[in-house]
Amino acid sequence: MCVDNTTQKRRTGRLAPSPTGALHLGNIRTFMMAWLQMRACGGRVLLRIEDLDHPKHKAGADVALMEDLRWLGFDWDEEPLWQTQRLALYEAAFEQLRPKLYPCFCSRADIQRAQSAPHPGEVLRYPGTCRGKPLPADADERLEKAAWRLALSPKDEGCFTDGFAGAWTRPAAEVMGDFVVARGKAIAYTLAVVVDDAATGVTDVVRGDDILPATPAQVVLYRQLGLPEPRFFHVPLVTGADGARLAKRHGDTRISAYRAAGISPGRILSALARSCGWLQKDETVSTLADLIPRFSWETVPKTPFVWDDALL
Ligand code: GLU
Numbered sequence: 134m135c136v137d138n139t140t141q142k143r144r145t146g147r148l149a150p151s152p153t154g155a156l157h158l159g160n161i162r163t164f165m166m167a168w169l170q171m172r173a174c175g176g177r178v179l180l181r182i183e184d185l186d187h188p189k190h191k192a193g194a195d196v197a198l199m200e201d202l203r204w205l206g207f208d209w210d211e212e213p214l215w216q217t218q219r220l221a222l223y224e225a226a227f228e229q230l231r232p233k234l235y236p237c238f239c240s241r242a243d244i245q246r247a248q249s250a251p252h253p254g255e256v257l258r259y260p261g262t263c264r265g266k267p268l269p270a271d272a273d274e275r276l277e278k279a280a281w282r283l284a285l286s287p288k289d290e291g292c293f294t295d296g297f298a299g300a301w302t303r304p305a306a307e308v309m310g311d312f313v314v315a316r317g318k319a320i321a322y323t324l325a326v327v328v329d330d331a332a333t334g335v336t337d338v339v340r341g342d343d344i345l346p347a348t349p350a351q352v353v354l355y356r357q358l359g360l361p362e363p364r365f366f367h368v369p370l371v372t373g374a375d376g377a378r379l380a381k382r383h384g385d386t387r388i389s390a391y392r393a394a395g396i397s398p399g400r401i402l403s404a405l406a407r408s409c410g411w412l413q414k415d416e417t418v419s420t421l422a423d424l425i426p427r428f429s430w431e432t433v434p435k436t437p438f439v440w441d442d443a444l445l
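So the number in our numbering is just where the residue sits in the sequence shown, counting from 1, plus 133.
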């Protein structure tokens with residue numbers, strides 16, 4: 134059994150899908166790294182359904198994604214958690230932060246206008262417009278919809294060392310500015326994910342590097358809330374031949390589509406494992422567990438993986 138060096142806890146990873154649609158190859162490649170990293174060292178794997186952001190969610194997507202995961206050979210060590218069943222925990226964390234929060238009434242367009250030269254791929258930086266301002270006369274009504282932002286102090290840098298992507302050195306104030314922890318009563322993903330990972334003893338967070346720029350905010354929250362920080366591993370995404378993140382226009386890369394077409398889990402897993410350098414060109418495995426002894430971070434390329442169905 135492997136133990137985290139800093140916390141002496143059993144190492145714990147998690148799969149945290151959002152039920153916004155069916156799982157595709159991009160999700161699975163990241164989940165393989167998360168699952169194998171833990172299984173290779175005798176650690177635990179948890180499953181959390183990130184269903185906080187209601188509008189984008191599809192009914193039944195949670196059940197379908199668990200079915201896809203099981204079909205591919207994933208398992209988890211505890212009952213899955215749904216974020217919508219954990220609101221009381223998030224609200225308690227919100228209350229703990231409250232002295233440092235302020236309501237913001239700016240629209241996204243207001244913030245975009247205030248940002249002089251946004252760079253592609255960067256998150257929108259909030260310039261602090263509402264910070265320290267007296268509340269408007271009709272505040273009570275508008276607070277229902279206000280964004281609650283954390284007033285960052287210079288010590289809230291949120292810098293960290295990513296186990297895969299290396300050192301993150303840009304302070305949160307520079308990357309995103311005072312960030313949102315709730316909109317009205319709806320707790321933001323950024324806060325929920327920190328509360329959940331800490332409450333469930335997660336020591337290793339493996340996820341797509343699209344979330345990397347949002348991570349300094351999470352690191353700030355761990356430190357503000359006095360919670361133990363996990364180690365982060367942000368990994369490159371899967372793209373189509375055009376370099377854009379895998380999407381419908383690149384063909385149907387949903388696991389359910391391959392399954393319906395009679396393609397075995399082993400073929401899918403082998404193709405993805407080759408992309409991580411865990412198998413040689415013509416090598417194959419039949420199950421996910423076969424890859425446990427092959428897992429290594431050393432061979433995983435630092436660049437996005439370009440998918441093509443011919444790789445199957
Ligand atoms: N639920 C997020 C997603 O599906 C992942 C967040 C995380 O792993 O922290 O993109």
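Where a beta carbon is used, it is the ideal one built from N, C-alpha and C, also for glycine.
The Cβ-Cβ distance between Cys135 and Cys174 falls below 8 Å.
Judged by DSSP in its simplified three-state form, Thr153 adopts coil rather than helix or strand. Spatial neighbours of Ala226 in its own chain (CB-CB distance under 7 Å, excluding positions within 5 residues in sequence) are listed in chain order as Leu324, Val328, Leu358.
Contact between the segment 386-399 and the segment 339-346 is absent: fewer than 3 CB-CB pairs across the two stretches fall below 8 Å. The DSSP-derived three-state label of Phe312 is coil. Just measuring C-alpha positions, the residue of Tyr235, Ala280, Arg258 sitting nearest Pro267 is Tyr235.
Rounded to the nearest angstrom, the Cβ distance from Val371 to Arg162 is 6 Å, consistent with a contact under 8 Å. By DSSP's assignment, Val256 forms no beta bridge with any residue. Taking C-beta atoms as the reference points, Val368 and Gly291 fail to come closer than 8 Å. Here Gly193 carries a coil assignment [DSSP, helix/strand/coil]. Secondary structure of Phe238 (DSSP, three-state): coil. 8 Å or more divides the Cβ of Thr262 from the Cβ of Ala272.
At a cut-off of 7 Å, the beta-carbon of Glu183 counts as near ligand 1: some heavy atom of the ligand is closer than that. Per DSSP, reduced to three states, the secondary structure at Asp295 is strand. Here Asn138 is exposed: its Cβ has fewer than 16 other Cβ atoms, across all protein chains shown, within 10 Å. Collapsing the DSSP output to three states places Val352 in a helix.
Assigned with DSSP and collapsed to three states, Ile320 falls in strand. DSSP places Ile161 in the uninterrupted alpha helix (DSSP H) bounded by 158-172. Note on geometry: alpha-carbon atoms of Gly399 and Ala155 lie some 19 Å from one another.
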